[in-house]
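In the numbering used here, the protein residues as written are 243 to 511.
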C-alpha cells in the first residue's frame, strides 16, 4: 500500500469517527429534549391536578357554607328540615335536582342535571371548565327520582373527591349494609345497596325505564347477579332503584353501584 492510499484510509476513518460522534451528540440532544419535554409536561399535569383539586375543594366548601343549615321544620325554606337550603342552592345553580349523601364516605354533593351527559362531565358546579366535573343525573331521567332507574355519574378522583369512594364500596370496605340518602326539596329518599361490580363500559346497566315488568325484572335479576358482594336484598318490579356509575382508577372500566328505594319521607309542612 502506497503512502497516498494510506493517507486516504486514515482520512476515511477520521471522517467516519467524526460522523459517528456527531450522530451520537444529535441523538443525545434529542433524548435530552424529549426528557425535558416529558418532565415539563408531567410538571404541568401535576400543577393542573393540584390547581383543579384546590378549586373543587373551594367550590365544595363554598356550597356547604351557603346551603347547609341546622335541620329545622319551622324554617320556610323548602328542604330546611333536611339541613339543606334548596332555595339558596337553586339560586347558585338552577340545574340542581337533589343532594346525595353516603354516610361514612366523602360522597356528599349536590346533584346536577343538564340537557345531555357531556355538560357536567368536564364542568364544575359553577359551570366553569373542570376536568373533575361534578356529579350529575342522566339527562334521560325525569329529575324527580320516579323513573325505574335513576342514574347518577361522577368521576373517580385520586384525591378522594366526587365518586372516588365507590371503589372502596365495591371492594367491600363499607360492608353489606350500605344506605344512600337522596334529598330533594320535598322528600328524603333512602336507598339500600343491593349490587356492586366492575364491568367494561356498556349501556345496559344505564337503562332508565322499561316497557314491561318482565323486561324490568330481567334487568334487576341481571344486575343483582353481577354483584361481587352479597347484600341479601330482594329487588323486583315495581321497586325503583338508584344507579351510581364511575370509572376505575385506570379509567378503562366502570364501577356500578345499584341501590333499592326502601323509604321515603316527605318534608314536614
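Positions of the beta carbon are idealized from the N, C-alpha and C atoms, including for glycine.
- Non-local C-beta neighbours of residue 326 in its own chain, meaning closer than 6 Å and more than five positions away in sequence, comprise 309, 341, 425, ordered along the chain.
- Annotation for residue 466: the continuous alpha helix (DSSP H) segment containing it runs 455-467.
- The beta carbon of residue 381 sits closer than 8 Å to those of 355, 356, 357, 358, 359, all from its chain and outside the five residues before and after it, given in chain order.
- With a cutoff of 8 Å on beta-carbon distance, residue 378 and residue 294 are scored as not near each other.
- Of all alpha-carbon atoms in 414, 386, 376, 476, the one lying nearest the alpha-carbon of residue 427 is that of 386.
- Following the DSSP letters along the chain, one finds residue 411 in no beta strand (DSSP E) but inside the alpha helix (DSSP H) bounded by residues 408-412.
- Annotation for residue 407: 344, 347, 348, 349 place their beta carbon closer than 8 Å to its own, counting only its chain and skipping 5 residues before and after.
- Of the residues 441, 465, 475, the one whose Cα lies closest to the Cα of residue 494 is 441.
- Per the C-alpha coordinates, the member of 497, 490, 482, 299 positioned closest to residue 392 is 482.
- Residue range 496-508 is occupied by the beta strand (DSSP E) that includes residue 508, with no alpha helix (DSSP H) assigned at that position.
- Note on geometry: alpha-carbon atoms of residue 447 and residue 458 lie some 11 Å from one another.
- Proximity of the segment 327-336 to the segment 362-369 meets the contact definition, three or more beta-carbon pairs being nearer than 8 Å.
- Around the C-beta of residue 371, fewer than 16 other C-beta atoms lie within 10 Å, and the residue is accordingly described as exposed.
- Annotated as proximal: residue 389 and residue 450, with beta-carbon spacing under 8 Å.
- CA-CA distance, residue 478 to residue 501, rounds to 12 Å.
- Within the same chain, 390, 458 come within 6 Å of residue 452 by CB-CB distance, once the 5 residues on both sides are set aside.
- Contact between residue 305 and residue 352 holds, since their C-beta atoms are separated by about 6 Å, short of 8 Å.
- In this structure residue 437 touches residue 468 by the C-beta definition: roughly 6 Å separates them, less than 8 Å.
- The three-state reading of DSSP puts residue 378 in strand, counting E and B together.
- Per DSSP, residue 436 is one residue of the beta strand (DSSP E) stretching across 429-441.
- Around residue 498, the same chain offers 438, 439, 441, 447, 485, 487 as residues with beta carbons nearer than 7 Å, after the five sequence neighbours per side are excluded.
- Note on geometry: alpha-carbon atoms of residue 471 and residue 423 lie some 20 Å from one another.
- In the DSSP assignment, residue 332 falls within the unbroken alpha helix (DSSP H) covering 328-334.
- According to the DSSP secondary-structure assignment, residue 310 is paired through a beta bridge with 326.
- Going by DSSP, residue 487 is part of the beta strand (DSSP E) stretching over 483-489.
- Residue 338: member of the beta strand (DSSP E) spanning 338-343, first to last residue.
- By the neighbour-count definition (other C-beta atoms within 10 Å, threshold 16), residue 402 is an exposed residue.
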